[in-house]
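Note sheet for the following structure.
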Amino acid sequence: MNDLNYPEVGASSDLDAPLPAGYRHLRHRAVVGHGRAALDAAGAAVLDWRMHRAAGVRITAGADRAAAGVPVHCAIGLGPLRAGAPCRVVRSTVDSGGPDRHGFTYGTRRGHLAVGEETFTVELAADGAVWFTVNAFSRPQRWYAHLAGPLLPLAQHLFARRCAHALARMAAAATR
Numbered sequence: 034m035n036d037l038n039y040p041e042v043g044a045s046s047d048l049d050a051p052l053p054a055g056y057r058h059l060r061h062r063a064v065v066g067h068g069r070a071a072l073d074a075a076g077a078a079v080l081d082w083r084m085h086r087a088a089g090v091r092i093t094a095g096a097d098r099a100a101a102g103v104p105v106h107c108a109i110g111l112g113p114l115r116a117g118a119p120c121r122v123v124r125s126t127v128d129s130g131g132p133d134r135h136g137f138t139y140g141t142r143r144g145h146l147a148v149g150e151e152t153f154t155v156e157l158a159a160d161g162a163v164w165f166t167v168n169a170f171s172r173p174q175r176w177y178a179h180l181a182g183p184l185l186p187l188a189q190h191l192f193a194r195r196c197a198h199a200l201a202r203m204a205a206a207a208t209r
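Residues in the sequence shown are numbered consecutively from 34, following our numbering.
Laid out in C-alpha cells, this is it:
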C-alpha cells in the first residue's frame, strides 16, 4: 500500500476519533432504513460498489467487493470534464467487522487530485435504525483542485448525500 499519497492511513475509520489537522473534514450521517434486512441490503451495496455507481461514480475496482488492499479507480464528472481518482481500500469490515456494521475506508493514491481518505459505513443501532456515515478528510493536491476552492468540499458533501439517498432506496426495496 505504499502508493498512498498521505501518511495518516486509517485515520477516518474510527468514527469517534478526531480527524487529522491540516485537512478539510466531512462527517455526514443519515438514517437509510430500519431493521436487519435494510442493514444487509445497504451493507452489500456499500461493499460491492453499487452505492458509488448509484450516486453517479464510475468505479473500476480490482475486486467485486471492498477489501483491504483492493485498488479502486473512481471517475467523477461528465465527458471531458471527468476527473479520475485512483484510490486503494485500506480497511474493510469484510476483514474485521461485526454483524451490525458494514463498510470500508479508501485512501487516495498518487495521481489523485486530492490527498486524504473516506470511510463509508452502515450500522444497525439498538433502536433498529440503519445509519449511513461518511467520515472523511482531504485537501487539494493538484493546482486545478486548489483553484476550485470551496467547490470541492461542496461536491464531496453532495456526493455523501447522494450516497445516502441511493442506500435509502436500496434498503427500502429490500424491506418491501
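Glycine included, C-beta positions come from ideal geometry on N, C-alpha and C.
From the listed residues Pro119, Gly149, Arg86 and Arg98, the smallest Cα separation to Arg195 is found for Arg86. Setting aside the 5 residues that flank it on each side, Arg60 is surrounded in the same chain by Asn168, each with a C-beta closer than 6 angstroms to its C-beta; the list follows chain order.
Contact between the stretch 36-44 and the stretch 58-78 is absent, with fewer than three C-beta pairs closer than 8 angstroms. Runs of the alpha helix (DSSP H) lying entirely within the stretch 80-115 and spanning at least 4 residues, in chain order: 83-87.
The straight-line gap separating the alpha-carbon atoms of Ala88 and Gly66 is approximately 17 angstroms. Counting only residues of its own chain and dropping the five nearest sequence neighbours on each side, Ala193 has a CB closer than 6 angstroms to the CB of His61 and Val167.
Spatial neighbours of Gly144 in its own chain (CB-CB distance under 6 angstroms, excluding positions within 5 residues in sequence) are listed in chain order as Pro119.
About 15 angstroms separates the CB atoms of Val103 and His135; that is not less than 8 angstroms, and the two are not in contact.
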